[in-house]
Amino acid sequence: MNLSGVLFFPVTPFDAGGTLDERALAEHIGHGMAHGPGGVFVACGTGEFSALSEAEHERAVRVAAEVVGGRVPLFAGAGGPLGTALNQARAAREAGADGLLLMPPYLAQGPGHGFRAYVEAIAAELPVIIYQRGSVVLEPEAVVELAAIPGVIGLKDGLGDIDRMQRIVLAVREAYPDFLFFNGLPTAELTMPAYRGIGVELYSSAVFAFAPEIALAYLQGDERLLTEFFAPLVRLRGKVPGYPVSLVKAGVRLRGLDVGAVRPPLVEVTDEHLAELEALIKTGLELVAP
Numbered sequence: 017m018n019l020s021g022v023l024f025f026p027v028t029p030f031d032a033g034g035t036l037d038e039r040a041l042a043e044h045i046g047h048g049m050a051h052g053p054g055g056v057f058v059a060c061g062t063g064e065f066s067a068l069s070e071a072e073h074e075r076a077v078r079v080a081a082e083v084v085g086g087r088v089p090l091f092a093g094a095g096g097p098l099g100t101a102l103n104q105a106r107a108a109r110e111a112g113a114d115g116l117l118l119m120p121p122y123l124a125q126g127p128g129h130g131f132r133a134y135v136e137a138i139a140a141e142l143p144v145i146i147y148q149r150g151s152v153v154l155e156p157e158a159v160v161e162l163a164a165i166p167g168v169i170g171l172k173d174g175l176g177d178i179d180r181m182q183r184i185v186l187a188v189r190e191a192y193p194d195f196l197f198f199n200g201l202p203t204a205e206l207t208m209p210a211y212r213g214i215g216v217e218l219y220s221s222a223v224f225a226f227a228p229e230i231a232l233a234y235l236q237g238d239e240r241l242l243t244e245f246f247a248p249l250v251r252l253r254g255k256v257p258g259y260p261v262s263l264v265k266a267g268v269r270l271r272g273l274d275v276g277a278v279r280p281p282l283v284e285v286t287d288e289h290l291a292e293l294e295a296l297i298k299t300g301l302e303l304v305a306p
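The sequence shown maps to residues 17 to 306 in our numbering.
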């Protein structure tokens, strides 16, 4: 599957009553598509995957598929209990998704062959990118075995263990040279110099959701943004648990689209932190202005 450039992870908008706002979601994804992402990942981490019902998940994927219209690959989140993950996978396939970002099977843990069976069942529905984070921490040999499963096409790393990832990349590419690897850390741009050093070029960009101009300028080589935008954003992100999503949603609102609040257990950005975010966005936009 051809994935390149900036990968767009849209937020999931909610209206004043707290329900899925399909109109705002379509507008949000349409705005992102106008900036040329290399792929769209709907109802994933930034899209509050864990807070969505199965019905909301299906509707979000359907809206995304209509807006994307096959122009770039469309992935949907899936995961958690096996039955839920299978329902999400089948609904995403019917709605028009091209693949799945497979979240960890939260709480339930088993031996390696149990996780392989979990992945294999879901990959039978749509191509799968496995998300290494939380309870899913893989050794190189385990990733080689997972890469052998038909339909498993990639690994997104949310751990940030560069030594582990280097060993995984070397082991897997020896057997499966086309296997995809992604930097999936929050505000991934800040760590991309390290990931590029081990041969990982793809990354998810939360910033693209609210400031695609900044995300694209970094992709095109504007290194000033690392110290003057991304590093301060990471410091702000670290002040409150859940801010990797809450800040993104607040950023979308600051740029003019009402996408509503985050759902619990996430919390809204404080007024003080919102002012910091607004100033950071202003700085970033000024840096990349023509």
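By construction, the Cβ of each residue, glycine as well, lies at the ideal position given by its N, Cα and C atoms.
Buried versus exposed call for residue i [16 or more other C-beta atoms within 10 Å across all chains shown]
i: GLY61; result: buried
i: SER221; result: buried
i: GLN236; result: exposed
i: GLY52; result: exposed
i: ASP114; result: buried
i: THR35; result: exposed
i: LEU186; result: exposed
i: LYS265; result: buried
i: VAL283; result: exposed
i: ARG92; result: According to the sequence as given, residue 92 is Ala; it is not Arg. Label assigned to ALA92: buried.
i: ALA71; result: exposed
i: SER262; result: buried
Integer Cβ distance of residue i from residue j, believed to fall under 8 Å
i: ALA163; j: ALA191; result: 7 Å
i: LEU171; j: PHE197; result: 6 Å
i: GLY276; j: ALA227; result: At roughly 19 Å, the Cβ-Cβ gap does not stay under 8 Å, so GLY276 and ALA227 are not in contact.
i: PRO26; j: ALA225; result: 6 Å
i: ALA111; j: ALA81; result: 5 Å
For residue i, the first and last residue of its enclosing beta strand (DSSP E)
i: GLY115; result: 115 to 118
i: GLY93; result: 90 to 94
i: VAL56; result: 55 to 58
i: ALA250; result: First, the amino acid is wrong: residue 250 is Val here, not Ala. From DSSP, VAL250 is part of no beta strand (DSSP E) but of the alpha helix (DSSP H) over 247 to 253.
For residue i, the first and last residue of its enclosing alpha helix (DSSP H)
i: ALA32; result: From DSSP, ALA32 is part of no alpha helix (DSSP H); its letter is neither H nor E.
i: VAL261; result: 259 to 270
Option in the options with minimal Cα separation from residue i
i: LEU98; options: GLU141, VAL77, ALA111, ALA76; result: GLU141
i: GLY150; options: TYR134, ALA210, GLY174, ILE138; result: GLY174
i: LEU118; options: VAL160, PRO127, VAL135; result: VAL135
i: GLU74; options: ARG87, VAL58, VAL88, GLY86; result: VAL58
i: VAL144; options: GLU161, ARG189, ILE169, GLY85; result: ILE169
Review point. Taking only runs of the alpha helix (DSSP H) that begin and end inside the stretch 161 to 225, which ones reach a length of at least 4 residues, in chain order?
Key: Runs found: 178 to 191, 208 to 213.
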